[in-house]
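K.L.:
Taken in sequence, the protein lines are chains A and B.
The opening position of the first sequence corresponds to residue 106 in my numbering, with each subsequent residue numbered one higher.
The opening position of the second sequence corresponds to residue 46 in my numbering, with each subsequent residue numbered one higher.
Provided herewith is a single structure, encoded as structure tokens, for subsequent inquiry.
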Amino acid sequence: MISVETIRPDEWRRTCELALEEGRFLGLYTVEGPGVRALFSAPGGVRALRCESAAPTIVDLAPGAGWDEREGHDLHGAAFAGHEPLRPLLAHPSELETWTVPVRGEDSYQVAVGPIHAGVIESGHFRFHVVGERILHLDVRLFYKHRGLERAAEGHAPALALPYVARACAACAVANSVAYAQACEAALGLRADAELARARTILLELERVYNHLHDIGAICAGVGFAAGNMLFASLKEQAQRLNLRIAGHRFLFGQVAVATGAFALHAVERDRLREELADLRGAAARGWRELRFNDSVQDRLAGIGSLSNADAQRLGTVGPAARASGVRRDVRTESPELAYAGFAAAAPHEPVGDIAARIELRAVELDVSLALLDDLLAHPLAGGGTIGGAVPADVGVGRVESPRGETVCAVELRGGAVARVHLRTGSYSNWPSVAATAAGQLLPDFPLINKSFELCYACADR
Amino acid sequence: MFVLLRELARLRREIALPVPVRRGSLALRHVDAGSCNGCEHELGAVANPYYDLQQFGLSIVASPRHADVLLVTGPVTTRMAGPLRTAYEAMPEPRLVAALGDCALGCDVLGSAEELAGPLESILPVDIRIPGCPPPPERIAAALLAALGPR
Numbered sequence: 106m107i108s109v110e111t112i113r114p115d116e117w118r119r120t121c122e123l124a125l126e127e128g129r130f131l132g133l134y135t136v137e138g139p140g141v142r143a144l145f146s147a148p149g150g151v152r153a154l155r156c157e158s159a160a161p162t163i164v165d166l167a168p169g170a171g172w173d174e175r176e177g178h179d180l181h182g183a184a185f186a187g188h189e190p191l192r193p194l195l196a197h198p199s200e201l202e203t204w205t206v207p208v209r210g211e212d213s214y215q216v217a218v219g220p221i222h223a224g225v226i227e228s229g230h231f232r233f234h235v236v237g238e239r240i241l242h243l244d245v246r247l248f249y250k251h252r253g254l255e256r257a258a259e260g261h262a263p264a265l266a267l268p269y270v271a272r273a274c275a276a277c278a279v280a281n282s283v284a285y286a287q288a289c290e291a292a293l294g295l296r297a298d299a300e301l302a303r304a305r306t307i308l309l310e311l312e313r314v315y316n317h318l319h320d321i322g323a324i325c326a327g328v329g330f331a332a333g334n335m336l337f338a339s340l341k342e343q344a345q346r347l348n349l350r351i352a353g354h355r356f357l358f359g360q361v362a363v364a365t366g367a368f369a370l371h372a373v374e375r376d377r378l379r380e381e382l383a384d385l386r387g388a389a390a391r392g393w394r395e396l397r398f399n400d401s402v403q404d405r406l407a408g409i410g411s412l413s414n415a416d417a418q419r420l421g422t423v424g425p426a427a428r429a430s431g432v433r434r435d436v437r438t439e440s441p442e443l444a445y446a447g448f449a450a451a452a453p454h455e456p457v458g459d460i461a462a463r464i465e466l467r468a469v470e471l472d473v474s475l476a477l478l479d480d481l482l483a484h485p486l487a488g489g490g491t492i493g494g495a496v497p498a499d500v501g502v503g504r505v506e507s508p509r510g511e512t513v514c515a516v517e518l519r520g521g522a523v524a525r526v527h528l529r530t531g532s533y534s535n536w537p538s539v540a541a542t543a544a545g546q547l548l549p550d551f552p553l554i555n556k557s558f559e560l561c562y563a564c565a566d567r
Numbered sequence: 046m047f048v049l050l051r052e053l054a055r056l057r058r059e060i061a062l063p064v065p066v067r068r069g070s071l072a073l074r075h076v077d078a079g080s081c082n083g084c085e086h087e088l089g090a091v092a093n094p095y096y097d098l099q100q101f102g103l104s105i106v107a108s109p110r111h112a113d114v115l116l117v118t119g120p121v122t123t124r125m126a127g128p129l130r131t132a133y134e135a136m137p138e139p140r141l142v143a144a145l146g147d148c149a150l151g152c153d154v155l156g157s158a159e160e161l162a163g164p165l166e167s168i169l170p171v172d173i174r175i176p177g178c179p180p181p182p183e184r185i186a187a188a189l190l191a192a193l194g195p196r
């Protein structure tokens with residue numbers, strides 16, 4: 106359930122403060138005007154607050170809103186009084202002092218990296234402020250890949266605007282599409298039937314499987330352990346070949362639609378998929394055991410890049426990174442629109458928030474996902490559809506646990522067309538946590554720290 | 046460790062890779078000019094044991110100074126057009142430009158016109174075209190191997 110309330114600017118901060126007492130900050134975005142929207146979790150759903158004029162900042166109440174407000178300023182000129190300094194985020198002025206935090210002192214210097222990196226990596230710029238090899242502060246400048254997808258989606262019918270969200274990021278295409286579809290359906294007064302819920306859950310978990318396999322392999326590459334990297338790269342390839350066979354696409358593109366089912370499996374294919382996923386589960390578990398008890402790998406990961414539980418709570422960290430820091434939060438435990446009944450959030454043995462914990466958590470979740478897929482595939486899958494009956498609204502919100510964390514999509518409809526769509530992915534939530542984690546660490550450890558979060562740039566930049 | 050190596054050896058036996066007969070090598074430099082990360086995943090996949098492009102003399106290098114081919118992904122955003130030109134200018138002659146994926150080729154590009162500077166063809170001379178959304182690793186491998194030229 107989504108409750109929408111219009112708030113006066115002078116009551117904005119007080120209302121947000123009260124909303125934070127009973128729920129979490131889920132995102133903030135602006136509209137032409139400028140108007141401001143803030144989303145919070147609430148018992149049994151989402152609370153959407155809207156202000157039709159400039160609103161004061163809430164960054165002191167919800168530090169996770171820092172990037173959202175900076176984006177709102179760059180996109181729609183929203184002022185957010187009290188957010189000082191309101192540094193540009195999407196805009197890329199050339200003067201360093203406009204967008205970096207001033208760091209001064211004896212022997213402090215800057216190391217600039219990117220936007221083009223040394224490997225096959227997405228584009229983004231990191232400016233490290235260091236003394237010796239110790240990072241004092243990191244300014245992350247993304248949005249080199251900003252394609253204006255949200256703006257381009259405006260004016261289209263909900264079904265036709267889907268590709269703008271789906272192609273924001275290949276590795277999170279299913280999660281982003283499902284969040285968007287749910288948002289549209291909520292606005293249209295529809296909800297997924299049990300069959301559609303199961304089809305979407307299967308797709309979401311298949312996406313998580315190849316992503317987590319990729320991330321474990323990437324960490325092996327980061328510590329120079331070629332055997333682990335190649336094994337997990339092979340398992341990822343096998344998972345993507347399964348995707349290709351059952352869905353016709355290695356990244357499962359085109360399998361989610363608005364208000365209707367788009368993915369079904371006949372019995373023979375389903376049996377074969379189940380067997381192959383069982384094989385994959387065995388191989389992944391054997392591979393992980395080798396990594397878990399390989400001291401030369403684990404010694405490189407333990408105690409590095411620790412994100413404390415308090416910081417994860419404060420910064421609004423989501424997904425595997427939050428759970429590795431002991432924040433047992435997973436949108437899958439509160440997804441009545443998907444087939445996750447009885448799901449419990451995973452936890453590593455010791456949720457100390459270091460690289461080792463983040464990788465262990467992915468290995469645990471990978472096994473959970475493959476077990477869940479086995480259950481979900483126990484019955485034939487017809488595709489499903491949606492059921493009407495709920496009251497249509499002009500705002501809809503969808504929430505999905507992507508491989509990188511909670512992804513929230515808000516859609517505003519006007520006259521049957523999308524007036525505004527906003528996608529706040531797990532990667533977007535977590536980039537400030539990467540910067541916070543880097544502070545105090547050694548510069549040469551940063552690539553590994555960054556890989557342990559394994560955030561998408563495309564998902565954040567849109 | 047033994048388990049991993051045994052598993053990889055078993056995989057290697059099962060995967061029928063073509064025998065590397067071509068001579069020569071190509072050094073590749075990748076630039077993401079605003080892709081959705083799909084092309085990056087697939088370009089990364091050509092190094093996995095199923096395709097193993099390195100044994101054919103193809104390698105990804107860390108600097109455009111060392112590169113023969115500039116592999117470009119994405120529709121070329123306004124913010125990446127500058128860094129892309131800088132990378133191209135840093136390459137020694139002779140150099141080739143490969144458009145990797147439909148976005149770089151200017152097909153079915155999604156986004157706001159004011160944020161996009163592409164397609165790639167309007168910015169740099171394109172020599173190799175690899176279509177697909179994203180192109181599967183075998184297509185990337187085939188296109189790059191063809192770029193090595195006749196034996």
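In this text, a Cβ means the ideal position worked out from N, Cα and C, and glycines have one as well.
Based on Cα-Cα distance, which residue from Thr-111/A, Gly-447/A and Leu-475/A lies nearest to Arg-152/A?
P.N.:
That would be Thr-111/A, whose Cα lies nearest to the Cα of Arg-152/A.
K.L.:
Going along the region 378-401 of chain A in order, which residues come within less than 8 Å of chain B, judged by CB to CB distance?
P.N.:
Going along the region 378-401 of chain A in chain order, one finds Ala-388, Arg-391, Gly-392, Arg-394, Glu-395 and Asn-399 with a Cβ nearer than 8 Å to chain B.
K.L.:
In whole angstroms, what separates the C-alpha of Leu-180/A from that of Phe-248/A?
P.N.:
Distance between the alpha carbons of Leu-180/A and Phe-248/A: 12 Å.
K.L.:
Using a Cβ-Cβ cut-off of less than 8 Å, give me the residues of the region 225-250 of chain A that come near chain B, in sequence order.
P.N.:
Under the 8 Å Cβ criterion, the region 225-250 of chain A contributes Val-225, Ile-226, Glu-227, Ser-228, Phe-248, Tyr-249 and Lys-250.
K.L.:
Have a look at Ser-213/A, Ala-383/A, His-230/A and Glu-176/A and flag the residue whose alpha-carbon is nearest the alpha-carbon of Ser-199/A.
P.N.:
Ser-199/A has its Cα closest to that of His-230/A, out of Ser-213/A, Ala-383/A, His-230/A and Glu-176/A.
K.L.:
Using C-beta distances below 8 Å, list every residue in its chain close to Thr-123/B, excluding the 5 sequence neighbours before and after it, in chain order.
P.N.:
Excluding sequence neighbours, Thr-123/B sits near Glu-159, Glu-160, Leu-161 and Ala-162.
K.L.:
Please confirm if Tyr-533/A has its CB atom under 8 Å from at least one CB of chain B.
P.N.:
No, because no Cβ of chain B sits closer than 8 Å to the Cβ of Tyr-533/A.
K.L.:
Tell me, please, whether the CB atom of Tyr-133/B is closer than 8 Å to any CB atom in chain A?
P.N.:
It does not; no Cβ of chain A falls within 8 Å.
K.L.:
Distance check for Ala-183/A and Pro-161/A, CA to CA, integer angstroms please.
P.N.:
Whole-angstrom Cα-Cα distance: 9 Å.
K.L.:
Which term fits Glu-380/A, buried or exposed, when burial requires 16 or more other beta carbons within 10 angstroms of its beta carbon?
P.N.:
The residue is exposed, with fewer than 16 neighbouring Cβ atoms inside 10 Å.
K.L.:
Is there a Cβ from chain A that is less than 8 Å from the Cβ of Val-171/B?
P.N.:
Cβ-Cβ to chain A under 8 Å: no for Val-171/B.
K.L.:
Gly-132/A bridges to which residues according to DSSP?
P.N.:
Bridge partners of Gly-132/A: Leu-144/A.
K.L.:
Which residues mark the beginning and the end of the alpha helix (DSSP H) in which Cys-148/B is found?
P.N.:
First-last for Cys-148/B: undefined, no H or E at that position.
K.L.:
Any beta carbon of chain B sitting closer than 8 Å to that of Ser-507/A?
P.N.:
So, not an interface residue.
K.L.:
Give every residue of the same chain whose Cβ lies closer than 8 Å to the Cβ of His-362/A, excluding the five residues on either side of it in the sequence, and list them in chain order.
P.N.:
The residue you asked about is not His; residue 362/A is Ala in the sequence shown. Excluding positions up to five away in sequence, the list reads Ala-264, Leu-267 and Ala-286.
K.L.:
For the beta strand (DSSP E) that Thr-131/B lies in, which residues bound it at each end?
P.N.:
Note, Thr-131/B: premise wrong, no beta strand (DSSP E); alpha helix (DSSP H) at 123-134.
K.L.:
Using 7 Å as the cut-off, classify the Cβ of Asp-376/A as near or not near the heavy atoms of the ligand SAM, replying yes or no.
P.N.:
For the ligand SAM, the structure offers nothing, since it holds no ligand at all.
K.L.:
Let me check one thing: in DSSP terms, what residues is Glu-511/A bridge-paired to?
P.N.:
In the DSSP output, where bridge partners are listed per residue, Glu-511/A has Glu-506/A.
K.L.:
I believe Leu-396/A touches Gly-333/A by the beta-carbon criterion, under 8 Å. Please report the beta-carbon distance rounded to the nearest angstrom.
P.N.:
Sure, about 5 Å apart at Cβ, within 8 Å.
K.L.:
Please state the DSSP three-state secondary structure of Ile-60/B.
P.N.:
Looking at Ile-60/B - three-state DSSP - the assignment turns out to be coil, as it is neither helix nor strand.
K.L.:
Sort out for me which residues DSSP pairs Glu-517/A with in a bridge.
P.N.:
DSSP, once it has assigned bridges, lists Val-500/A and Arg-525/A as partnering Glu-517/A.
K.L.:
At a CB distance below 8 Å, what residues from the region 335-346 of chain A approach chain B? Give them in sequence order.
P.N.:
If the cut-off is 8 Å between Cβ atoms, the region 335-346 of chain A has Met-335, Leu-336, Ala-338, Ser-339, Lys-341, Glu-342 and Gln-345 near chain B.
K.L.:
Out of Pro-120/B, Ser-70/B and Ala-92/B, point me to the one whose CA is closest to Ser-167/B's CA.
P.N.:
Measuring from the Cα of Ser-167/B, the nearest candidate turns out to be Pro-120/B.
K.L.:
Starting from Thr-118/B, trace the beta strand (DSSP E) in both directions and tell me its first and last residue.
P.N.:
Residues 114-118.
K.L.:
Residues of the region 193-221 of chain A in Cβ contact with chain B at a cutoff of 7 Å, in chain order, please.
P.N.:
So the list reads His-197, Pro-220 and Ile-221, given in the order they occur along the chain.
K.L.:
By how many angstroms is the C-alpha of Ala-299/A removed from the C-alpha of Leu-33/B?
P.N.:
Outside the displayed range of chain B (46 to 196) lies residue 33/B, so it cannot be described from this structure.
K.L.:
Please decide whether Cys-152/B counts as near chain A, where near means a Cβ-Cβ distance under 8 Å.
P.N.:
Cys-152/B does not count as touching chain A.
K.L.:
Could you tell me which of Pro-537/A, Pro-508/A and Phe-145/A sits nearest to Leu-311/A, measuring between CA atoms?
P.N.:
That would be Pro-508/A, whose Cα lies nearest to the Cα of Leu-311/A.
K.L.:
Per the DSSP calculation, Gln-215/A is bridged to which residue(s)?
P.N.:
Looking at the DSSP assignment, Gln-215/A forms a beta bridge with His-234/A.
K.L.:
Determine whether the Cβ of Val-121/B lies closer than 8 Å to any Cβ atom of chain C.
P.N.:
Structure shown: chain C not included; protein chains present are A and B.
K.L.:
Put Leu-154/A into one of helix, strand or coil per three-state DSSP.
P.N.:
In this structure, Leu-154/A counts as strand in the three-state DSSP scheme.
K.L.:
I'd like to know whether the C-beta of Asp-147/B is nearer than 8 Å to at least one C-beta of chain A.
P.N.:
By this cut-off, Asp-147/B is not an interface position.
K.L.:
Output the distance between the C-alpha atoms of Val-142/B and Leu-412/A, rounded to the nearest integer angstrom.
P.N.:
Looking at the two C-alpha atoms, the distance is approximately 41 Å.
K.L.:
Grab me the residues of His-188/A's own chain with a C-beta within less than 6 Å of its C-beta, minus the 5 sequence neighbours each way, in chain order.
P.N.:
Taken in chain order, the residues that qualify are Thr-162, Val-164 and Glu-174.
K.L.:
Using a Cβ cut-off of 8 Å (strictly closer), state whether Glu-159/B contacts chain A.
P.N.:
So yes, Glu-159/B belongs to the interface.
K.L.:
Arg-74/B and Ala-112/B - do their beta-carbons sit closer together than 8 Å?
P.N.:
Taking 8 Å as the Cβ cut-off, Ala-112/B and Arg-74/B qualify as a contacting pair.
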